[in-house]
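Okay, structure coming up:
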């Protein structure tokens, strides 16, 4: 039997966004802005599938 789909919780509406929680001046955040994520996705994306499970 499959689990019931989870219902959205009202509290989710009031949670702060991630970019409001982290320090946008942190060195790792700045580094992440310099990375070409599209190139990484093109290079390594062929090795992974978007389906669930095996």
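Numbering (the numbering used here), first residue to last: 142 to 195.
Glycine included, each C-beta is placed from N, C-alpha and C at the ideal position.
N-terminal and C-terminal residue of the alpha helix (DSSP H) that residue 181 is part of: Residue 181 sits at position 40 when you count from the first residue of the chain shown. 178–186 is the extent of the alpha helix (DSSP H) around residue 181.
CA-to-CA distance, residue 163 to residue 156, given in whole angstroms: Reading the chain shown from its first residue, position 15 is the one you call residue 156. Reading the chain shown from its first residue, position 22 is the one you call residue 163. If I take the Cα positions, the gap works out to 13 Å.
Straight-line gap, residue 159 to residue 172 (C-alpha atoms, nearest Å): Here residue 159 refers to the residue found at position 18 of the chain shown. Here residue 172 refers to the residue found at position 31 of the chain shown. Spanning the two alpha carbons is a distance of roughly 17 Å.
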